[in-house]
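Q: In this text, residue positions in the sequence shown follow full-length UniProt numbering: the first is 1, and each later residue adds one.
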Amino acid sequence: YRYIVSDCDSVEVLFKDQHYTKTPEEAAAKTILSGLDLDCGSYLGQYTEGAVKQGLVDEASINNAVSNNFATLMRLGFFDGDPSKQPYGKLGPKDVCTPENQELAREAARQGIVLLKNSPGSLPLNSKAIKSLAVIGPNANATRVMIGNYEGIKISYFCNLLKYMKSLWK
Numbered sequence: 001y002r003y004i005v006s007d008c009d010s011v012e013v014l015f016k017d018q019h020y021t022k023t024p025e026e027a028a029a030k031t032i033l034s035g036l037d038l039d040c041g042s043y044l045g046q047y048t049e050g051a052v053k054q055g056l057v058d059e060a061s062i063n064n065a066v067s068n069n070f071a072t073l074m075r076l077g078f079f080d081g082d083p084s085k086q087p088y089g090k091l092g093p094k095d096v097c098t099p100e101n102q103e104l105a106r107e108a109a110r111q112g113i114v115l116l117k118n119s120p121g122s123l124p125l126n127s128k129a130i131k132s133l134a135v136i137g138p139n140a141n142a143t144r145v146m147i148g149n150y151e152g153i154k155i156s157y158f159c160n161l162l163k164y165m166k167s168l169w170k
């Protein structure tokens, strides 16, 4: 039993930001046909019916996604009566950001860090030694795309890579 869930709003990003599809319905259809069962967001809910009506995705694929989701919910006990009686049913806001959870997150970060060898000392970039530098590609000036939707509270000191590089090579 398994189900595949998207990152929040990623189905919308395929159409709106990355222009991978020509229509929202096509984005919904392509993700479902690729195996997506659940969208963290509202995009599939808004555009899947239209995708079916346009013949972009069949009802059997939709039924498969729904079955995967419900099978998981059943295994988790969502339909077994009082949720608080389930193994994790009493967890709530008081269980978030406890010192134990923060330490676990720190340890996961420590174990997940990858260090790269900096040879022959090419970093940090030296704007006095390098006469010109090209920042190219579709995301060279795309702050939101590069950080996703994880910025939390808007911060005033954030700038994108292109803007930062321009400030070094004035």
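Glycine residues also receive a C-beta, built at the ideal position from the N, C-alpha and C atoms.
(1) What number of angstroms, rounded off, separates the C-alpha of C40 from the C-alpha of S132?
(2) In whole angstroms, give me the CA-to-CA distance for S84 and K90.
(3) Taking S67 as part of the alpha helix (DSSP H), name the residues at either end of that continuous run.
(4) How would you call A108, buried or exposed, if buried means at least 16 neighbouring beta carbons within 10 angstroms?
(5) Where are the alpha helix (DSSP H) runs, 4 residues long or more, that stay fully inside the segment 11 to 56, in chain order?
(6) Could you tell me which of P24, D37, A29 sits nearest to D7, measuring between CA atoms?
(7) Assuming Y164 is part of the alpha helix (DSSP H), what are its boundary residues?
(8) Using the Cβ count rule (16 or more neighbours within 10 Å means buried), how would you classify Y20?
(9) Report the rounded CA-to-CA distance for Y88 versus N63, giving the unit in angstroms.
(10) When we look at the beta-carbon of Y164 and count the other beta-carbons within 10 Å, is it buried (16 or more) or exposed?
(11) Is the segment 50 to 63 touching the segment 23 to 37 in the sense that three or more CB pairs, one from each, lie closer than 8 angstroms?
A: On the basis of the supplied data:
(1) For this step, residue 40 is matched to residue 40 along the sequence shown. For this step, residue 132 is matched to residue 132 along the sequence shown. So the alpha carbons of these two residues sit roughly 42 angstroms apart.
(2) Here residue 84 refers to the residue found at position 84 of the sequence shown. Here residue 90 refers to the residue found at position 90 of the sequence shown. Going from the Cα of S84 to the Cα of K90 covers about 5 angstroms.
(3) Numbered from 1 along the sequence shown, position 67 holds the residue referred to as residue 67. Per DSSP, S67 belongs to the alpha helix (DSSP H) from 59 to 75.
(4) Here the question's residue 108 lines up with position 108 in the sequence shown. Exposed: under 16 other Cβ atoms inside 10 Å.
(5) 24 to 33, 43 to 53
(6) Start at 1 with the first residue of the sequence shown, and residue 7 comes out as number 7. By alpha-carbon distance to D7, the top candidate from P24, D37, A29 is D37.
(7) Here the question's residue 164 lines up with position 164 in the sequence shown. It spans 161 to 168 - the alpha helix (DSSP H) in which Y164 sits, taken as one unbroken run.
(8) Locating residue 20 in the sequence shown gives position 20, where the first residue counts as 1. Exposed.
(9) Translated into the one-based positions of the sequence shown, residue 88 becomes position 88. Translated into the one-based positions of the sequence shown, residue 63 becomes position 63. Spanning the two alpha carbons is a distance of roughly 28 angstroms.
(10) Mapped onto the sequence shown, residue 164 falls at position 164. Counting Cβ neighbours within 10 Å, Y164 comes out exposed, since fewer than 16 surround it.
(11) Short answer: they touch.
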